[in-house]
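**Student:** Quick note: the sequence shown uses our numbering, first residue 76, plus one each step. Cβ atoms here follow ideal geometry from the backbone N, Cα and C, with glycine treated the same way. None of the values given here were measured: they were computed from a predicted structure.
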Amino acid sequence: MPSFDATRRNFLKNTSLLAAVGLSMPALIGLIGRAEAATTPDSIKAAGVVRVGCEAAYRPFTYRDGGKIVGYDVELASLLFAPLGVKVEMVDTAWAGVIPALYAGNFDVIMTSLTYTKERVSRVGYSIPYTEATQEMLVRAKDAGSITSLDGMADKVLAVKLGSAGDTMKAGLEAKLKAATGKGFAEVKTYDDHPTAYLALAQGSVDGVINALATLTQVVKDAPGRYAIVRDIGPRNWAGIGTRKEDTALVDFLNERITSLKASGEIYALQEKWFGVRMQLADAIPNFS
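(1) Which residue from Leu213, Leu155, Thr192, Ala179 puts its Cα closest to that of Leu291?
(2) How do the segment 153-167 and the segment 119-127 stand: do at least 3 beta-carbon pairs fall below 8 Å, yes or no?
(3) According to DSSP, what are the bridge partners of Gly266?
(4) So which of Asn181, Ile174, Lys296, Val184 has the shortest CA-CA distance to Glu194?
(5) Check for me: the alpha helix (DSSP H) holding Gln346 runs from which residue to which?
(6) What did DSSP end up calling Lys320 once you bin it into helix, strand or coil?
(7) Which value, in whole angstroms, describes the spacing of the CA atoms of Ser197 and Gly279?
(8) How long is the line joining the alpha carbons of Lys296 and Ala112, rounded to whole angstroms?
(9) For the beta strand (DSSP E) holding Ile285, just list the boundary residues, first then last.
(10) Taking the alpha-carbon of Ala338 as reference, which of Leu356, Tyr266, Asp322 has the nearest alpha-carbon?
(11) Flag this pair as yes or no: are the beta carbons of Tyr266 and Ala255 separated by less than 8 Å?
(12) Count the CB pairs spanning the segment 161-172 and the segment 217-236 that are closer than 8 Å, and state whether there are at least three.
(13) According to DSSP, is Tyr201 part of a helix, a strand, or is it coil?
(14) In angstroms, rounded to a whole number, what distance separates the CA positions of Gly351 and Glu249?
(15) State yes or no: is the C-beta of Thr190 within less than 8 Å of the C-beta of Ala289?
(16) According to the neighbour-count rule (16 or more other Cβ atoms, all chains shown, within 10 Å of its Cβ), is Ser188 buried or exposed?
(17) In the DSSP assignment, find the unbroken alpha helix (DSSP H) run with Tyr147 in it and report its ends.
(18) Taking 6 Å as the limit between beta carbons, can you name the residues of its chain near Ala324, skipping five residues before and five after?
(19) Tell me whether the beta-carbon of Ile203 lies closer than 8 Å to the beta-carbon of Asp282.
(20) Figure out for me which residue from Ala152, Gly247, Asn181, Ala216 has the closest Cα to the Cα of Asn330.
(21) Under 8 Å between the Cβ atoms of Ala208 and Asn362?
(22) Rounded to whole angstroms, what is the Cα-Cα separation between Ala298 and Tyr178?
(23) Alpha carbon to alpha carbon, how far is Gln346 from Tyr201?
(24) Could you tell me the alpha carbon to alpha carbon distance between Val326 and Gly315, rounded to whole angstroms?
(25) For Met228, name the three-state secondary structure that DSSP assigns.
(26) In its own chain, which residues sit with a C-beta less than 8 Å from the C-beta of Tyr371, not counting the 5 before and 5 after it?
(27) Tell me whether Gly300 is buried or exposed, calling it buried when 16 or more other Cβ atoms sit within 10 Å of its Cβ.
(28) Mind checking who Glu164 pairs with in its DSSP beta bridge?
(29) Report the option in Ile342, Tyr302, Glu321 whose CA atom is closest to the CA atom of Ala219.
(30) Since I believe Lys236 is in contact with His269 (beta carbons under 8 Å), could you give me their beta-carbon distance rounded to a whole number of angstroms?
(31) Express the C-alpha separation of Gly123 and Asp183 in angstroms, rounding to a whole number.
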């Protein structure tokens, strides 16, 4: 399982693209140009097509299968925009430049699990959550009955990837474990990449591996019967659909559609299909104030 997803997400999380060129987001927008008018449901309907910016290398959100972009986001986008009767066009874009490309008018919205951060919420218009991005724990399938929560890791070995969200969380998890059970981890082992940590788990060198829920679902799918996922490990985190700040009517439309698909159960059916789990979706954007 490649660790590229973590790399690209850290890139945007830290806004290192802007720092590298010494520009603020408004200054960068001024350089690359932007669409003259707000994008609305009506303008998308008039165009007959909605352009969805994605990185077609993040399974199962968006990835290429036989040259065609497929995935959870592709099918969800079709459901979201169905009332407008428009074609959905997935625009494959390098993740590092996805926000500048949005403001340049290369597409109408961003999908592919654009997680919420304080910086992004201040710069990007966001829908309510449509997918979960919480850090959870992978365990051996045979241990799923005994390790049903973080408490089951007392006196056991945890694995994290160096520099990952799990690495950042390990001290807090240790404190939480000690508060609940009186014991901490037997050891926390750090690996250069997640696949090596998964191998250590399979071989019995560690008892749990921390990574994003969506990524762990693919590990489970690729090795049937070998692993299981333990939920409610990290604090809840989600991703929304990104728009330009001025596209408020489009955000309202997306929020209405996501709410409708939650009520009908269609969004959860898609999650079961692509991730094998039903996700816990908040009804509002996280508050970073």
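**Tutor:** So, from the listed chains and residues:
(1) Leu213
(2) yes
(3) A quick correction: the sequence has Tyr, not Gly, at residue 266. Tyr266 is bridged to Lys236.
(4) Ile174
(5) 341-349
(6) coil
(7) 44 Å
(8) 43 Å
(9) 283-287
(10) Leu356
(11) no
(12) no
(13) strand
(14) 29 Å
(15) no
(16) buried
(17) 147-155
(18) Thr115
(19) no
(20) Ala152
(21) no
(22) 40 Å
(23) 20 Å
(24) 10 Å
(25) helix
(26) Within the shown structure, residues of the chain are numbered from 76 to 364, placing residue 371 beyond reach of any answer.
(27) exposed
(28) Arg126
(29) Tyr302
(30) 5 Å
(31) 12 Å
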